[in-house]
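K.L.:
Residue numbers (the working numbering): 2 to 301. Yeah, the Cβ is synthetic: ideal placement off N, Cα and C, and Gly gets one too. Here it is, the structure in full.
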């Protein structure tokens with residue numbers, strides 16, 4: 002369906018498109034041709050645009066292939082029986098989708114965490130990206146995309162909890178309308194034990210802490226202050242900065258790696274709020290850096 006042409010696919014194009022998708026591609030190509038004809042002073046028959054409707058139709062089919070995908074088929078047998086109950090998280094999963102209001106792209110990152118159900122098991126890590134694509138390759142709004150990812154993981158793994166955070170830039174408000182470039186939208190969905198603010202804060206702190214970003218399970222983070230730890234005389238809980246476990250809060254933590262339903266009367270935040278430990282580390286490190294600068298510029 003080339004603009005200015007016969008409106009039919011050539012033999013090569015027809016052979017490269019399955020019968021199931023051919024009608025969709027032909028309709029999209031005809032629609033794209035009409036759009037080109039509607040642009041004032043444009044010439045749809047010129048060389049650069051002659052094959053554009055067909056190219057657009059093929060690209061649009063790929064961008065909306067999520068309608069023909071299912072989570073079950075994409076995951077397959079990649080659920081493994083492991084008796085794990087610690088947090089598993091994956092950050093910065095790339096996501097690209099189309100806004101259903103303007104058919105313009107929005108893109109960014111998805112962060113997912115879940116507490117496995119030992120009766121069901123864990124999922125292959127690459128399947129997170131496949132689950133995201135199932136719902137992103139559709140006409141979407143970010144809010145619904147976030148919910149659908151959480152619903153799918155909850156249904157598939159029946160975990161003790163799941164949390165999904167999606168951060169995206171929307172071209173429908175950067176390229177047109179208010180034209181606010183660089184604006185980022187964040188949506189979240191929390192289920193099960195992640196409704197406990199302590200557990201959700203732990204997930205958020207793992208996304209923020211460089212020392213935690215290299216791991217994928219809920220192990221206790223160490224202080225990641227670089228090789229020159231000697232600059233700090235005290236760290237976090239008052240232990241020596243030279244100590245290997247200077248940020249080990251497990252000695253007084255009451256939830257010892259397991260996650261229970263939230264009881265406001267038994268909030269362990271005072272002992273195991275990892276983010277507060279991080280802030281304490283950062284404050285001490287900032288003081289050490291300030292002293293080094295002062296010594297270098299002014300003198301001891």
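Mind checking residue 54: buried by the 16 CB within 10 Å criterion, or exposed?
P.N.:
Translated into the one-based positions of the chain shown, residue 54 becomes position 53. Counting Cβ neighbours within 10 Å, residue 54 comes out buried, since at least 16 surround it.
K.L.:
So who's on the other strand from residue 191, going by DSSP bridges?
P.N.:
As a working mapping, residue 191 is identified with position 190 in the chain shown. Note: residue 191 sits in a beta bridge opposite 164.
K.L.:
At the level of alpha carbons, what is the spacing between residue 39 and residue 181?
P.N.:
Within the chain shown, residue 39 is the residue found at index 38, counting from 1. Within the chain shown, residue 181 is the residue found at index 180, counting from 1. Approximately 27 Å, taken between the alpha carbons.
K.L.:
Starting from residue 174, trace the alpha helix (DSSP H) in both directions and tell me its first and last residue.
P.N.:
The residue labelled residue 174 in the question sits at position 173 within the chain shown. Element bounds for residue 174: 172-175.
K.L.:
Is the stretch 69-82 close to the stretch 103-111, with three or more CB pairs under 8 Å?
P.N.:
No, the stretch 69-82 does not touch the stretch 103-111.
K.L.:
Three-state secondary structure (DSSP) at residue 118?
P.N.:
Within the chain shown, residue 118 is the residue found at index 117, counting from 1. Reduced to three states, the DSSP call for residue 118 is strand.
K.L.:
Taking the straight line between their C-alpha atoms, what separation do you get for residue 88 and residue 285?
P.N.:
Position 87 of the chain shown holds residue 88. Position 284 of the chain shown holds residue 285. About 28 Å.
K.L.:
Buried or exposed for residue 43, please, with buried defined as at least 16 other CB atoms from any protein chain shown within 10 angstroms of its CB.
P.N.:
Here residue 43 is taken as the residue at index 42 of the chain shown, counted from 1. With fewer than 16 other Cβ atoms within 10 Å, it is exposed.
K.L.:
I'd like to check one pair, residue 113 with residue 136: are the Cβ atoms closer than 8 Å?
P.N.:
Taking the chain shown and counting its residues from 1, the one referred to as residue 136 is at position 135. Taking the chain shown and counting its residues from 1, the one referred to as residue 113 is at position 112. No, the pair does not count as a contact, with Cβ atoms beyond the cut-off.
K.L.:
Starting from residue 135, trace the alpha helix (DSSP H) in both directions and tell me its first and last residue.
P.N.:
Locating residue 135 in the chain shown gives position 134, where the first residue counts as 1. Counting along the chain, the alpha helix (DSSP H) containing residue 135 begins and ends at 127-137.
K.L.:
Using three-state DSSP, classify residue 82 as helix, strand or coil.
P.N.:
Position 81 of the chain shown, counted from the first residue, corresponds to residue 82. Correct three-state label for residue 82: coil.
K.L.:
Which whole-angstrom value describes the C-beta separation of residue 133 and residue 111, a residue pair presumed to lie in contact below a C-beta threshold of 8 Å?
P.N.:
Sequence index remark: in the chain shown, residue 133 carries index 132 (1-based). Sequence index remark: in the chain shown, residue 111 carries index 110 (1-based). Correct: roughly 5 Å between the Cβ atoms.
K.L.:
Tell me which residue opens and which closes the beta strand (DSSP E) that residue 72 is part of.
P.N.:
The residue labelled residue 72 in the question sits at position 71 within the chain shown. Here residue 72 belongs to no beta strand (DSSP E); instead the alpha helix (DSSP H) covers 72-76.
K.L.:
Assuming residue 169 and residue 109 are in contact, meaning their beta carbons sit under 8 Å apart, how far apart are those beta carbons, in whole angstroms?
P.N.:
Position 168 of the chain shown, counted from the first residue, corresponds to residue 169. Position 108 of the chain shown, counted from the first residue, corresponds to residue 109. Sure, about 3 Å apart at Cβ, within 8 Å.
K.L.:
Can you grab the Cα-Cα spacing for the pair residue 138 / residue 171, in whole Å?
P.N.:
The residue you call residue 138 lines up with position 137 of the chain shown. The residue you call residue 171 lines up with position 170 of the chain shown. If I take the Cα positions, the gap works out to 15 Å.
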